[in-house]
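Here is the structure we will look at, set down as structure tokens.
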Ligand SMILES: [Zn+2]
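Residue numbers (my numbering): 237 to 621.
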């Protein structure tokens, strides 16, 4: 058998799925519970391949190299759907008009439909109620896979109808191996990236990408720069974050334009209005989401730094403390000496509040400026007091 079922770091989860396929006991709804981006997508695609493989057959567990397996793994199989939120939350109109509609039809190809809901814990009440009705009357040979980062955000009525599979955060040695693959040769950089990724291979990729660690080092230096240069630096830092967003979402923008151009050519220069509009909407939605992710990652970096300061400030040998910024122990000590625990805690709260606010599409520029100015007030009072 091939390594179809190999999903890095998730042997336990895939063993459960594989056992269910091979025994012919595939639940009609699964909840993949765990931190985002640790292998849920690959696992759902493997499940689709195993159920539809033309070589191994229905209970054969999938061959991993036939055309069907190959397309399932690439997400290009007509009976495999991946629903992403079309706004901050999944909308009831999407649940009714897309998810349940697709579920009620017979498989476009193959034997089984696999319908994956990305960020399923981001359904609002109306969407969750509509979806529950679909779950209560499961169509034949249809498997729902719900990605759930926070089970508390999903109604029990939905969760109780799913078989739960746990997806684990990656262990440091798995992240370290991945960091080497991604080309992080320098041991200091690699140690920093592995710790700052907090078990997420997606975060690790961001850090290992060009400029990723430089950005992290800029984010963590914000408080020190404000201490040294005063509140003026708060506004500079806000502007720098906006620049970073532009830099990191430029590729998405270009991809959207390229897709439009390619399709226009396919339609010999006359793209139906609806199609063009759909692509434009999808591109701008992805840009919006990417922007939020970039900013949230930046705020996470800042919170990680402030937490490290608290740990170091509480005393003890910095070399055995579970700190993230292992390459900057001297700077951590300095910052911890300059700022009291109360100031650090207040700063962490302020950053986390902003992180939450970004999820609800607030004006990001204003939110960031306000946060950084508040931080400068906190820091300046902390320093002088
Ligand atoms: Zn196959």
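We treat Cβ as the ideally placed atom computed from N, Cα and C, and that holds for glycine.
Only a predicted model underlies this, so the values are computations on that prediction, with no experimental measurement involved.
| Query | Result |
| --- | --- |
| Nearest neighbour of residue 300, chosen from 314, 315, 284 [CA to CA] | 284 |
| Continuous beta strand (DSSP E) stretch holding residue 341: start and end | Per DSSP, residue 341 belongs to no beta strand (DSSP E) and is neither H nor E. |
| Supposed close pair residue 459, residue 562 - CB separation, criterion 8 Å | No, residue 459 and residue 562 are not in contact; Cβ-Cβ is about 18 Å, not under 8 Å. |
| Residue 380 (DSSP reduced to helix, strand or coil) | strand |
| Residues sharing a beta bridge with residue 402, DSSP | 269 |
| Residue 370 versus 583, 265, 247, 555, residue with shortest Cα-Cα distance | 265 |
| Residue range of the unbroken alpha helix (DSSP H) whose run includes residue 348 | Looking at the DSSP string, residue 348 is not in any alpha helix (DSSP H), and its letter there is neither H nor E. |
| Separation of residue 450 from residue 279, as counted between CA atoms | 33 Å |
| Beta carbon of residue 613 nearer than 7 Å to that of residue 603 | no |
| As assigned by DSSP and simplified to three states, the class of residue 337 | helix |
| Where residue 556 falls, given that 16 or more other Cβ within 10 Å makes a residue buried | exposed |
| Ligand 1 heavy atom lying under 6 Å from the CB of residue 260 | no |
| Residue-chain proximity (residue 285, chain D), Cβ-Cβ < 7 Å | Given the protein chain composition of this structure (a single chain), no chain D is represented. |
| Chain-ordered list of residues that sit, by beta carbon, closer than 7 Å to a heavy atom of ligand 1 | 285, 289, 290, 291, 292, 298, 299, 300, 301, 302, 304, 305 |
| Strand pairing of residue 359, partner residues [DSSP] | 326 |
| Where residue 386 falls, given that 16 or more other Cβ within 10 Å makes a residue buried | exposed |
| Endpoints, the beta strand (DSSP E) within which residue 441 is located | Counting along the chain, residue 441 falls outside any beta strand (DSSP E), though it belongs to the alpha helix (DSSP H) covering 437 to 444. |
| Proximity of residue 350 and residue 316 at Cβ, strictly below 7 Å | yes |
| Whether residue 623 touches residue 252 by CB criterion (7 Å) | Any property of residue 623 remains undetermined from this structure, which presents the chain solely from 237 to 621. |
| Cα-Cα separation between residue 442 and residue 567, rounded to whole angstroms | 24 Å |
| Alpha helix (DSSP H) segment containing residue 541, residue limits | 509 to 549 |
| Residues that residue 318 bridges to, as DSSP identifies them | 352 |
| Classification of residue 527 by the beta-carbon crowding that lies within 10 angstroms, buried from 16 upward | buried |
| Residue 474 versus residue 600: straight-line alpha-carbon distance, rounded | 10 Å |
| Rounded separation between residue 605 and residue 583 - CA only | 14 Å |
| Residues of its chain near residue 448, where Cβ-Cβ distance is below 7 Å and the 5 sequence neighbours each way are ignored | 442 |
| Distance between beta carbons of residue 322 and residue 509, contact taken as under 8 Å | Contact doesn't hold; Cβ gap of about 19 Å is too wide. |
| Rounded Cβ spacing between residue 414 and residue 440 (contact assumed at less than 8 Å) | 6 Å |
| Exposed unless 16 or more other CB atoms sit within 10 angstroms - verdict on residue 186 | This structure cannot settle anything about residue 186, because the visible part of the chain is limited to 237 through 621. |
| Three CB pairs or more closer than 8 Å across the segment 323 to 330 and the segment 351 to 370 | yes |
| Boundaries (first-last residue) of the alpha helix (DSSP H) holding residue 283 | 276 to 288 |
| Buried or exposed by the 16-neighbour rule on C-beta atoms within 10 Å, applied to residue 281 | buried |
| Classification of residue 346 by the beta-carbon crowding that lies within 10 angstroms, buried from 16 upward | buried |
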